[in-house]
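Residue numbers (my numbering), protein chains in the order written: chain F, 845 to 1043; chain Z, 845 to 1043.
C-beta atoms are modelled at their ideal positions from N, C-alpha and C, and glycine is treated no differently.
Note that the structure is a prediction, hence the values are computed from the model and not measured.
2 protein chains.
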Amino acid sequence: MTDPRPRWTRAQQRRQTEDNILAAAREMFARLGYDRTTIRAVAKAAGVDAGLVMHYFGTKDALFSRAAEVPAGDLPHGSAEETVEALLDSLASRLASEPVASLAVLRSMLTHGDAADRYRAAAGPQLNQITASIPADDADLRASLLSAIVHGVIIERWLLQFSGLADASPDRIIELLRPAFRALATAQTPPSTTDDPNR
Amino acid sequence: MTDPRPRWTRAQQRRQTEDNILAAAREMFARLGYDRTTIRAVAKAAGVDAGLVMHYFGTKDALFSRAAEVPAGDLPHGSAEETVEALLDSLASRLASEPVASLAVLRSMLTHGDAADRYRAAAGPQLNQITASIPADDADLRASLLSAIVHGVIIERWLLQFSGLADASPDRIIELLRPAFRALATAQTPPSTTDDPNR
DNA sequence: GTCTATAACCCGATAGAC
DNA sequence: GTCTATCGGGTTATAGAC
């Protein structure tokens, strides 16, 4: 009375197993980083054999590449003010819940070259768009600083779990950062301490 | 005709060798992180035997602890404005040249628990002083954000070597960040987009 | 297709010769 | 004090049985 036909086809079954492995790998890469994540542990977490993981993905590096695929987040074009708001929106959602694949990249980027490359590749386009929206000679530096702030906050919230940032409400963080972002995105020489050498 | 008395005493010689090992370990921990730094490689870089490193420091963890000793950087007490300037001064010097021991901690903090603890211990006092100087209910969150910004900039400059931050002049970075820091350190509801629900 | 066994290598740590 | 040799364990990756 057993049905000889499988509920899923071979290809579907394989895909399902691959997804399980990738999910386990993502979680582990995000929590432990590249080096301390072992193929054996990933396989066990996914309920399969370690040899199977190698058979599917070839190498540990390839597994990381697949597990750490993160969509290139891009911002809509617009004025500096609009870009600031778009950047704050993006940050707000990443403060609410950061994708595991992205956390895997962030966790490993300081000690694994491929992860650092992935990080640069993901941040690059966003950086260019921010730069383009800022009307100033040093737009690139301003954009880099905005990007560094976003990443610093994300890292301390999700990876280091700094008290004060780990459990603060995204809205409050956004409200506090808005003036700082505006100050960076709008070119204005502060009427402050030093004299202008260009006069 | 050889002089039987050594130029240095045994204790001095040992101290010299220890310093060589620590310097090599610092450089390697800072460049590769905790996991990828091996005792063997440190010994080779220091020109000694791997067994000697173990004999001096006992374990790899203990070697890291010694190599990653970083003085607890504290800020002078003062008003919010003064604290901002002190924080900017501190950042300026860290942008000019960051100590190798500190880079070792930063490089390893996402993947090595001890390094993360060290990082929190070093950032903690500074954070408290910033918090104390800010007259606002959410002073702790504002201080955390200031700290996150500093660390984000340092990481992208020294560890990820993000173009735009890696080779920008410290002075320009400081000038750009000053308004942003002031905005965070001085409690003011922005006269901006949203209505004030507390009226 | 899936899994077991193992090869080949590198690690931290230890014991002991000199 | 310094260094050689090695132990015991872990890893990725491969080869082959079922």
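Q. Taking Cβ positions, are residue 887 (chain F) and residue 897 (chain F) nearer each other than 8 Å?
A. Against a cut-off of 8 Å, the Cβ pair of residue 897 (chain F) and residue 887 (chain F) comes out as a contact.
Q | Collapsed DSSP secondary structure at residue 848 (chain F) in the structure displayed | A | With a pLDDT of only 47 at residue 848 (chain F), under 50, the local geometry of the prediction cannot be trusted, and no value is derived from it.
Q | Below-8 Å beta-carbon distance, residue 1018 (chain F) vs any chain Z residue | A | Not closer than 8 Å to any Cβ of chain Z, the Cβ of residue 1018 (chain F) fails to qualify, so no.
(Q) Can you check whether the C-beta of residue 879 (chain Z) is within less than 8 Å of a C-beta belonging to chain F? (A) Yes, because at least one Cβ of chain F sits closer than 8 Å to the Cβ of residue 879 (chain Z).
Q: Take residue 869 (chain F) as the anchor and find which of F:856, F:903, F:857 and F:1030 has the nearest alpha-carbon.
A: The candidate whose alpha carbon is nearest that of residue 869 (chain F) is F:903.
Q: Note down the Cα distance separating residue 1037 (chain Z) from residue 929 (chain Z), rounded to an integer number of angstroms.
A: Note on residue 1037 (chain Z): pLDDT 45, under 50, position unreliable in the model; no value is reported.
(Q) Against residue 1006 (chain F), what residues of chain Z qualify as contacts under a CB-to-CB distance less than 9 Å, listed in chain order? (A) What residue 1006 (chain F) touches in chain Z: 964, 967, 971, 988, 991 and 992.
Q. Which same chain residues, not among the five before or five after residue 847 (chain Z), have their C-beta less than 7 Å away from its C-beta?
A. With a pLDDT of only 44 at residue 847 (chain Z), under 50, the local geometry of the prediction cannot be trusted, and no value is derived from it.
Q.
Here's the rule: buried if 16 or more other CB atoms are within 10 angstroms of the residue's CB, otherwise exposed. What is residue 970 (chain F)?
A. Residue 970 (chain F) should be labelled buried.
Q: Kindly list, in the order they appear in chain F, the residues whose Cβ is closer than 7 Å to that of residue 884 (chain Z).
A: Result: empty, since nearest Cβ-Cβ is about 17 Å, beyond 7 Å.
**Q.** Extent of the continuous alpha helix (DSSP H) run through residue 946 (chain Z)
**A.** That run of the alpha helix (DSSP H) goes 944–952.
Q) What residue from F:872, F:875, F:901 and F:882 has the CA that sits closest to residue 861 (chain F)'s CA? A) Measuring from the Cα of residue 861 (chain F), the nearest candidate turns out to be F:901.
Q. DSSP on residue 882 (chain Z), reduced to helix/strand/coil?
A. Residue 882 (chain Z) carries a coil assignment under DSSP once its states are collapsed to helix, strand and coil.
Q. Got a sec: which bits of the stretch 945–964 of chain Z sit with their beta carbon under 8 Å from any beta carbon on chain F, in order along the chain?
A. Among the residues of the stretch 945–964 of chain Z, those with a Cβ less than 8 Å away from any Cβ of chain F are 950, 951, 952, 953, 954, 955, 960, 963 and 964, in the order of the chain.
Q: Output, in chain order, the set of chain F residues within a Cβ distance shorter than 8 Å of residue 1009 (chain Z).
A: Ordered by position in chain F, the residues that pass the 8 Å Cβ test against residue 1009 (chain Z) are 985, 988, 989 and 992.
(Q) In chain order, what are the residue ranges of uninterrupted alpha helix (DSSP H) at least 4 long that sit wholly in the stretch 936–1014 of chain F? (A) If we require 4 residues or more, the alpha helix (DSSP H) runs fully inside the stretch 936–1014 of chain F come out as 944–952, 957–977 and 983–998.
Q | Pairwise C-alpha distance: residue 854 (chain Z) and residue 913 (chain F) | A | Rounded to whole angstroms, residue 913 (chain F) to residue 854 (chain Z) spans 56 Å at the Cα level.
Q. Cα separation between residue 948 (chain Z) and residue 921 (chain F)?
A. Distance between the alpha carbons of residue 948 (chain Z) and residue 921 (chain F): 39 Å.
(Q) Going by DSSP in three states, residue 893 (chain Z) sits in which element: helix, strand or coil? (A) For residue 893 (chain Z), the three-state secondary structure derived from DSSP is coil.
Q) Mind checking if residue 1015 (chain F) is an interface residue toward chain Z, Cβ cutoff 8 Å exclusive? A) By this cut-off, residue 1015 (chain F) is not an interface position.
(Q) Our contact map puts residue 993 (chain Z) next to residue 939 (chain Z) with C-beta atoms below 8 Å; I'd like the distance itself, whole angstroms only. (A) The pair is not a contact, with the Cβ atoms about 13 Å apart (cut-off 8 Å).
Q: Look up residue 915 (chain Z) in the DSSP assignment and say whether it is helix, strand or coil.
A: Correct three-state label for residue 915 (chain Z): coil.
Q: Using the Cα positions of residue 1026 (chain F) and residue 880 (chain F), report the straight-line distance between them to the nearest angstrom.
A: Taking the straight line joining both Cα atoms gives about 40 Å.
Q: Return the Cβ separation of residue 927 (chain Z) and residue 977 (chain Z) in integer angstroms, given the expectation that the two are a contact with Cβ distance under 8 Å.
A: Confirmed, Cβ separation roughly 4 Å.
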